[in-house]
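Q:
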Amino acid sequence: MNYDLRAYELKDFLSELIKIPSVNPDGDPGTALENTGEKKIAIALGEVLQNIGAEVQYDEVERDRPNIIAKFPGSENKPQILLAPHLDTVGVGGMSIDPFGGTQEGGKIYGRGASDTKGTAAAMIWALYRMGLQKIKNLNVGVTFVGFMGEETGQPGSRHFARKYKGQYDFALVGEPTGNNIVCRHKGTLWLILEVLGKSAHGATPEKGKNAISKMSELVILLETQFKKDLSAKAFHNEYLDYPTINIGMITGGTRTNIVPEHCKIEIDLRLTPELKTTEALKKIKSFLKQNGFTDTKISTKLSCEPLNTEETNSYVETLKSLPNSPKVIGAPWFCDAAVLSSEGDIPAVAGGPGHIDQAHTADEWIKEKDLESGADFYQNFLISAGL
Numbered sequence: 000m001n002y003d004l005r006a007y008e009l010k011d012f013l014s015e016l017i018k019i020p021s022v023n024p025d026g027d028p029g030t031a032l033e034n035t036g037e038k039k040i041a042i043a044l045g046e047v048l049q050n051i052g053a054e055v056q057y058d059e060v061e062r063d064r065p066n067i068i069a070k071f072p073g074s075e076n077k078p079q080i081l082l083a084p085h086l087d088t089v090g091v092g093g094m095s096i097d098p099f100g101g102t103q104e105g106g107k108i109y110g111r112g113a114s115d116t117k118g119t120a121a122a123m124i125w126a127l128y129r130m131g132l133q134k135i136k137n138l139n140v141g142v143t144f145v146g147f148m149g150e151e152t153g154q155p156g157s158r159h160f161a162r163k164y165k166g167q168y169d170f171a172l173v174g175e176p177t178g179n180n181i182v183c184r185h186k187g188t189l190w191l192i193l194e195v196l197g198k199s200a201h202g203a204t205p206e207k208g209k210n211a212i213s214k215m216s217e218l219v220i221l222l223e224t225q226f227k228k229d230l231s232a233k234a235f236h237n238e239y240l241d242y243p244t245i246n247i248g249m250i251t252g253g254t255r256t257n258i259v260p261e262h263c264k265i266e267i268d269l270r271l272t273p274e275l276k277t278t279e280a281l282k283k284i285k286s287f288l289k290q291n292g293f294t295d296t297k298i299s300t301k302l303s304c305e306p307l308n309t310e311e312t313n314s315y316v317e318t319l320k321s322l323p324n325s326p327k328v329i330g331a332p333w334f335c336d337a338a339v340l341s342s343e344g345d346i347p348a349v350a351g352g353p354g355h356i357d358q359a360h361t362a363d364e365w366i367k368e369k370d371l372e373s374g375a376d377f378y379q380n381f382l383i384s385a386g387l
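Here's what the structure looks like:
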C-alpha cells in the first residue's frame, strides 16, 4: 500500500484498506490467524496520517490489537474534536465475494468493512487530507483521529480510551454508516446468561429427577409474554427508539438423551432505551425472576453497553444539523462506541457517516462510491464549520 494519498482517488484508498484484513478474533474464532486483529490496518493508517502531518501513537489494548491515536498539531488550548471509526470487522464466513478484494464494480466498492467501518475511516482521513495540515492547524478546534479496536465484540478499545482520556475531549463524531445522518440516540444492550438447575436421573425414571429444560421452558414463555409486556410500559418509551426489546438468542441444556437434564442455560439480548439503563434493567429482571419463583436461577452478565442519549441542543450537533444536505437527527436500534465515550468517558458523542447499516455484515458488503465521496464532504464540512 502506498501511504501517500496523492497516489489514489478516495475509492482506491478504501479498496486498499479492505485488502488489509482486520477481522475481530473474538467474534469469529474460526478465521485464519493472519486475517485477524487490528495491528496491520492501524499501522497502515498511522503511516497515512503521519504523511498528512499528525502525531501518531499506537496504544495497545490487547496483544497486537492497538487503538491508533493521531493528533494534529495546533490543538493546544482549543476545544477538542474526536473523529472515531473502528478498525475491526466481523467475520467473513459465508461471504459471496472476495472479502478482502476491494473490488470496484458498478459504482460500488465491495469487501468486508466497506460499509462498517473502513468506509467511514477512509472518508474521515480523506477529509483531513483534502484540508491539509495548515488548514487543520488554523481551525479553532483541535482535531484527533482515533481508530478503535474491538468494537464488534465488547468494545474494549473505546472503553480503554474512555478511561484513559476521560473528559479530555469536547465532542466525538463516531464513524458509522448512517447515510450521513446524526445518531444522537441509540439503544443500549444487556446480554445476560440465565441458568436453571435441576436434578439428574435416569431417563427411564424421570420422576426421580428435576428436568431443568422443562423448568427453563416455563421461564422462556414468561419472558416472551409477561416480561416483554413489562418492557412496553410507557415509562420506557423513547421518541426515537420506541420500546426496549428482548430476544432469547441461545439455549443449551442436558448431556444425553437418556438422562434427565440437571442444567439449562439461555442467553438473552435486551436492547434498552435511555429510559431504562443497564443497572435498572438488571434489577428488573432479577425482580421478575424472584416474583415468578425462579429464585435459584443463576444470572451473569456477558456484555453491557449503555444507551446513547446526546442532546440535540449540543452546539456540535447543531453544527452538524446545519451542514449542506441538512443531516437529520435519527435513532438507531444498534449500539456503538459513541455510547461508551459518552457514558464512560464523559465525552458528548454522536454517530454518523457514509453508507447504510443494511449493508453492514452482509455476504456482499459494499458502499457506493458517491456515498463515500459525500461522506468525505460531510466530515470536512463539519470540521470547517465547527472550527470557525
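Just so you know, numbering that gives the first Met the number 0 puts 64 at position 65 of the sequence shown, and the rest follows in order with no gaps.
Beta carbons: idealized from backbone N, C-alpha and C, even for Gly.
#1: Just to confirm my understanding: we take GLY141, look at its own chain, exclude 5 residues before and 5 after, and list those with CB closer than 8 Å. What are they?
#2: Give me the Cα-Cα distance between ILE51 and GLY26, rounded to the nearest whole angstrom.
#3: Ordered along the chain, which non-local residues of its own chain (more than five positions away) have a Cβ less than 7 Å from that of THR318?
#4: How about ASN308 and PHE160: are their beta carbons less than 7 Å apart?
#5: Does the distance from the CB of PRO323 to the CB of ASN180 come in under 7 Å?
#6: With which residues is MET215 paired in a DSSP beta bridge?
#7: Between which two residues does the beta strand (DSSP E) carrying ASN66 extend?
#8: May I have the straight-line CA-CA distance separating TYR378 from GLY352, to the nearest angstrom?
#9: Does any CB atom of chain C fall closer than 7 Å to the CB of LYS117?
#10: At 3 residues or longer, and completely inside the region 251-285: list those beta strand (DSSP E) runs for me, N to C.
#11: With DSSP as the reference, label ARG184 as helix, strand or coil.
#12: Excluding five sequence neighbours on each side, which residues of the same chain lie with their C-beta closer than 7 Å to the C-beta of GLY178?
#13: What span of residues does the beta strand (DSSP E) with LEU32 cover, start to end?
#14: Here's the rule: buried if 16 or more other CB atoms are within 10 angstroms of the residue's CB, otherwise exposed. What is TRP333?
#15: Looking only at its chain, what residues have a beta carbon closer than 6 Å to the beta carbon of VAL406, apart from the 5 residues adjacent to it on each side?
#16: Measure the C-alpha to C-alpha separation of GLU261 and MET249 and round it to an integer number of angstroms.
#17: With distances taken between CB atoms, is the gap from ILE19 to ILE366 smaller than 7 Å?
#18: Is it the case that the Cβ atoms of LYS283 and LEU240 are separated by a distance below 7 Å?
#19: Taking C-beta to C-beta, are ILE17 and ALA120 nearer than 7 Å?
#20: Expressed to the nearest angstrom, what Euclidean distance is found between the alpha-carbon atoms of GLU279 and ILE298?
#21: State yes or no: is the C-beta of GLY389 within less than 7 Å of the C-beta of THR116?
#22: Comparing alpha-carbon positions, which option in ALA338, GLN290 and GLU8 lies nearest VAL182?
#23: Sort SER14, ASP3 and ARG5 by Cα distance to LEU371 and report the nearest one.
#24: Out of curiosity, what's the CA-to-CA distance linking LEU271 and ALA171?
#25: How is MET130 classed by DSSP in three states: helix, strand or coil?
#26: Please classify PHE144: does DSSP put it in a helix, a strand, or coil?
#27: Give the DSSP-derived three-state secondary structure of PRO299 in the structure shown.
#28: If you compare alpha carbons, which of GLU310, LYS10, VAL55 and PRO176 is closest to VAL145?
#29: Just reading off the beta strand (DSSP E) that PHE170 is part of, what are its end residues?
#30: Short of 6 Å in beta carbon distance, which residues of its chain neighbour LEU138, apart from the five on each side in sequence? Order them along the chain.
#31: Please name the residue, chosen from SER342, LYS227, VAL259 and TYR242, that lies closest to PHE287 on a Cα-to-Cα basis.
#32: From what residue to what residue does the beta strand (DSSP E) around ALA331 run?
#33: Measuring alpha carbon to alpha carbon, tell me which of LEU191, ILE96, ILE265 and ILE124 ends up nearest LEU9.
#34: Short check: CB of VAL60 to CB of GLY156, under 7 Å?
#35: Roughly how many whole angstroms lie between the Cα atoms of ALA375 and VAL195?
A: Straight from the coordinates:
#1: The answer, listed in chain order, is LYS70, PHE71, GLY73, SER74, GLU75, LYS77, PRO78, GLN79 and ILE80.
#2: Their backbone Cα atoms lie some 33 Å apart in a straight line.
#3: Cβ within range, chain order: PHE381, SER384 and ALA385.
#4: Using a Cβ distance threshold of 7 Å, ASN308 and PHE160 do not count as a contacting pair.
#5: Cβ atoms of PRO323 and ASN180: not closer than 7 Å.
#6: Looking at the DSSP assignment, MET215 forms no beta bridge with any residue, so it has no partner.
#7: Membership of ASN66 in the beta strand (DSSP E) is indicated by the continuous run 64-70.
#8: When rounded, the distance between both Cα atoms is 8 Å.
#9: No chain C appears in the structure shown, which is made up of a single protein chain.
#10: If only uninterrupted beta strand (DSSP E) runs of at least 3 residues are considered, those enclosed by the region 251-285 are 262-271.
#11: Here ARG184 sits in strand by DSSP.
#12: So the qualifying residues of the chain are HIS355.
#13: Run containing LEU32: none; DSSP gives neither H nor E here.
#14: TRP333 counts as exposed, since fewer than 16 other C-beta atoms from the protein chains shown sit within 10 angstroms of its C-beta.
#15: In the structure displayed, the chain extends from 0 to 387; residue 406 sits before or after that span and is not available.
#16: Spanning the alpha carbons of GLU261 and MET249 requires a straight line of approximately 18 Å.
#17: Not a contact, by the Cβ cut-off of 7 Å.
#18: No, the Cβ-Cβ distance between LYS283 and LEU240 is not below 7 Å.
#19: Not in contact: ILE17 and ALA120 (Cβ atoms no closer than 7 Å).
#20: ILE298 has its alpha-carbon roughly 15 Å from the corresponding atom of GLU279.
#21: Absent from the structure is residue 389, since the part of the chain shown begins at 0 and ends at 387.
#22: Distances from the alpha-carbon of VAL182 to those of ALA338, GLN290 and GLU8 put ALA338 closest.
#23: With distances taken between Cα atoms, LEU371 lies closest to SER14.
#24: Their Cα atoms are separated by approximately 22 Å.
#25: Helix at MET130.
#26: PHE144 falls in the strand class under three-state DSSP.
#27: It should be pointed out that residue 299 corresponds to Ser in this sequence rather than to Pro. Three-state DSSP puts SER299 in a strand.
#28: The candidate whose alpha carbon is nearest that of VAL145 is VAL55.
#29: Going by DSSP, PHE170 is part of the beta strand (DSSP E) stretching over 170-173.
#30: Taken in chain order, the residues that qualify are GLY386.
#31: Taking only the C-alpha atoms, the option nearest PHE287 is LYS227.
#32: Taken as a continuous stretch (DSSP letters only), the beta strand (DSSP E) holding ALA331 covers 328-331.
#33: Of the candidates LEU191, ILE96, ILE265 and ILE124, the one whose C-alpha sits nearest the C-alpha of LEU9 is ILE124.
#34: GLY156 is positioned such that its CB atom lies closer than 7 Å to that of VAL60.
#35: For ALA375 and VAL195, the distance between alpha carbons rounds to 51 Å.
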